[in-house]
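Participant:
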Amino acid sequence: MASFPAIISVDDHTVEPSDVWRNRLPSKFRDVGPRIVRAPVKEMTFTGGRFATVMGAPGDEGPVADWWVYEDLFRPLTRLDTAVGYSRDEIRLEGITYERMRPGSYSVPERLADMDLNHVQSALCFPTFPRFCGQTFTEAADRELALLCVRAYNDWMVEEWCGPAAGGRLIPLAIVPLWDARLAAEEVRRNAARGVRAVCFSEIPPRLGLPSVHSEGWDPFLRACAETGTVVAMHIGSSSRMPSTSEDAPPAVSSALTFANCCFSLADWLMSGTFDRFPGLRIMYAEGQIGWIPYILERADVVWEENRGWGGIGDKVLRPPSEAFAEHVYGCFFDDAFGLRNLDAIGAGNVLYETDYPHSDSTWPRSRQVAEEQMAHLSPQVTERVVRGNAIELLGLTPEGLWAGG
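Numbering (my numbering), first residue to last: 10 to 415.
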């Protein structure tokens with residue numbers, strides 16, 4: 010292609026600066042809220058889809074990392090959090106410090122410069138320490154402090170990460186207090202009032218000890234999203250466990266199966282009746298890729314047609330699931346040639362592009378090249394839609410692809 014549309018990435022990540030909560034929590038909580046401590050890594054494993062670490066004591070042997078400390082949680086920064094700029098063979102499961110990561114991971118000016126290198130105009134960024142749907146705070150014991158932490162993160166996201174220095178190129182993505190659907194609804198509305206049009210949610214909430222989407226317990230939250238035009242954004246791993254096959258399976262198994270939780274989740278949503286109750290609701294699957302979607306839509310339609318009488322959906326799923334998908338669901342991908350070859354079976358209006366900066370799977374700084382190679386068979390109009398047009402419409406961006414703020 011002689012020219013290529015400027016990319017709007019709907020799945021990048023921010024590594025929160027060390028002072029996010031210290032700067033924004035009330036003074037009585039600043040020493041017990043999330044804070045950074047530098048300490049050795051005594052143990053770090055990632056098997057069976059679960060990540061586990063042990064922080065060493067001062068003076069212990071072992072590589073040093075910056076750790077987030079919050080209640081009984083000790084979570085190190087890792088190379089997997091910020092892998093761009095390193096060759097694939099250099100990316101290992103290890104703890105790091107802020108000095109050892111690419112500054113664009115946490116600094117707005119450097120992030121914008123790295124976006125320029127990657128032909129990216131605008132980006133929606135998921136959290137790191139709060140985890141992909143804010144479950145760090147959902148698991149906390151002190152709910153008063155947890156709610157303050159959620160609000161502090163969202164204030165930082167809107168006012169600093171996506172503030173004036175970003176020039177509208179960074180798009181805010183909120184988290185909510187998942188332990189209370191009414192509080193979550195209040196937080197959606199608070200942020201929607203200042204222009205936020207996306208909120209994190211879990212792909213499979215019961216794995217976090219929360220109600221499923223088959224429960225109407227989420228209705229206050231979902232109603233707030235539908236009424237404010239806030240898209241429900243679900244990232245792979247937002248159920249706190251990556252798909253795996255056994256407790257001793259290496260991380261490569263989970264990496265190959267990253268789409269699987271999205272597949273399970275989509276079946277839940279399509280068979281829940283949620284879209285019939287909330288016709289204005291939109292959901293998206295970040296980093297789930299898209300090649301798997303045509304078959305699950307085909308199978309869901311067959312089940313709806315043949316098995317709805319005994320399948321528990323006859324009175325609540327009122328139309329073929331593929332029709333609901335077309336109106337309510339977006340798949341997101343960064344590298345999926347197979348999915349793009351089958352785009353007609355998914356729907357060009359239901360697909361969003363991403364770069365996954367700064368994670369190990371990221372196509373940075375080759376995202377344009379990857380897209381050009383994989384989209385060469387598409388018309389310029391369809392390419393424009395996939396690379397930026399659908400995101401502009403879904404996230405309420407300006408026609409130029411920028412966030413206009415509140």
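By construction, the Cβ of each residue, glycine as well, lies at the ideal position given by its N, Cα and C atoms.
Let me confirm a value: Ala296 is counted as buried when at least 16 other C-beta atoms fall within 10 Å, else exposed. Which label applies?
Facilitator: First, the amino acid is wrong: residue 296 is Glu here, not Ala. Buried, by the Cβ-count rule.
Participant: What are the start and end residues of the alpha helix (DSSP H) that includes Tyr366?
Facilitator: Segment: none, Tyr366 is in no alpha helix (DSSP H) and carries neither H nor E.
Participant: Note down the Cα distance separating Met10 from Ala385, rounded to an integer number of angstroms.
Facilitator: Because Met10 sits at a pLDDT of 45, beneath the cut-off of 50, its placement in the model cannot be relied upon, and the following sentence gives the value as read from the coordinates. If you take the alpha carbons of Met10 and Ala385, they lie about 8 Å apart.
Participant: Should Met53 go down as buried or exposed, given a rule of 16 or more other Cβ atoms within 10 Å for buried?
Facilitator: With 16 or more Cβ atoms within 10 Å of its Cβ, Met53 is classed as buried.
Participant: Quick check on Ala380: does DSSP put it in helix, strand or coil?
Facilitator: Looking at Ala380 - three-state DSSP - the assignment turns out to be helix.
Participant: Is it buried or exposed, Asp345, if we count other Cβ atoms within 10 angstroms and call 16 or more buried?
Facilitator: Buried, because 16 or more other Cβ atoms sit within 10 Å of the Cβ of Asp345.
Participant: For Ala413, name the three-state secondary structure that DSSP assigns.
Facilitator: Ala413 falls in the coil class under three-state DSSP.
Participant: If we call anything under 8 Å between Cβ atoms a contact, is His368 one with Leu182?
Facilitator: In this structure, Leu182 does not lie closer than 8 Å to His368 by Cβ.
Participant: With burial defined as no fewer than 16 other Cβ atoms inside 10 Å of the residue's Cβ, what is the status of Pro252: buried or exposed?
Facilitator: Pro252 is buried by the Cβ-count criterion.
Participant: Could you compute how far the alpha carbon of Glu314 sits from the alpha carbon of Asp324?
Facilitator: Cα to Cα, Glu314 sits roughly 13 Å from Asp324.
Participant: My output table needs one value for Gly390: the three-state DSSP class, helix, strand or coil.
Facilitator: In the sequence on display, residue 390 carries Gln and not Gly. Looking at Gln390 - three-state DSSP - the assignment turns out to be helix.
Participant: How do the stretch 322-340 and the stretch 369-379 stand: do at least 3 beta-carbon pairs fall below 8 Å, yes or no?
Facilitator: Result no; under three Cβ-Cβ pairs closer than 8 Å.
Participant: Going by C-alpha distance, which of Arg203, Ala235 and His244 is nearest Glu212?
Facilitator: That would be His244, whose Cα lies nearest to the Cα of Glu212.
Participant: Measuring only the C-alpha atoms, how far is Gly94 from Leu126?
Facilitator: If you take the alpha carbons of Gly94 and Leu126, they lie about 12 Å apart.
Participant: Between the C-alpha atoms of Asp69 and Lys51, what's the straight-line distance to the nearest angstrom?
Facilitator: The straight-line gap from Cα to Cα measures roughly 8 Å.
Participant: Suppose contacts are defined by Cβ-Cβ distances below 8 Å. Is Asn359 in contact with Gly340 by that definition?
Facilitator: In contact: Asn359 and Gly340 (Cβ atoms closer than 8 Å).
Participant: Residues in the same chain with beta-carbon distance under 7 Å from Ala201, minus the five sequence neighbours each way, listed in chain order, please.
Facilitator: These residues qualify, in order along the chain: Thr237 and Thr239.
Participant: Which residues does DSSP list as the beta-bridge partners of His485?
Facilitator: Since the first residue shown for the chain is 10 and the last is 415, residue 485 is missing from the structure and cannot be characterised.
Participant: Just to check my reading of the structure: Ile401 and Gly410 have Cβ atoms closer than 8 Å, yes? What is that Cβ distance to the nearest angstrom?
Facilitator: Between Gly410 and Ile401 the Cβ distance is about 6 Å, and since that is below 8 Å, they are a contact.
Participant: Go ahead and pull the three-state DSSP assignment for Glu153.
Facilitator: It is helical.
Participant: For Leu63, does the count of other Cβ atoms within 10 angstroms reach 16, so buried, or fall short, so exposed?
Facilitator: Rather than Leu, the amino acid found at residue 63 in this sequence is Val. That one is exposed.
Participant: Could I get the ranges of all uninterrupted alpha helix (DSSP H) runs contained in the stretch 25-75, with 4 residues as the minimum, in chain order?
Facilitator: Complete alpha helix (DSSP H) runs here, min 4: 29-33.
Participant: In this structure, does DSSP put His244 in helix, strand or coil?
Facilitator: Correct three-state label for His244: strand.
Participant: Taking the alpha helix (DSSP H) that Cys271 belongs to, which residues open and close that run?
Facilitator: Ala269 to Leu279 is the span of the alpha helix (DSSP H), which, as asked, contains Cys271.
Participant: Provide the residue span of the alpha helix (DSSP H) that contains Val312, from first to last.
Facilitator: First-last of the alpha helix (DSSP H) with Val312: Ile302 to Asn316.
Participant: Taking C-beta to C-beta, are Leu187 and Phe38 nearer than 8 Å?
Facilitator: No; because the gap between Cβ atoms is not below 8 Å, this pair is not in contact.
Participant: Just verifying my parser: in three-state terms, what is the DSSP assignment at Cys171?
Facilitator: Here Cys171 sits in coil by DSSP.
Participant: According to the Cβ coordinates, are Ala174 and Val117 closer than 8 Å?
Facilitator: Yes, these two residues count as a Cβ contact at 8 Å.
Participant: From the DSSP output, in three-state form, read off Met166 for me.
Facilitator: Helix.
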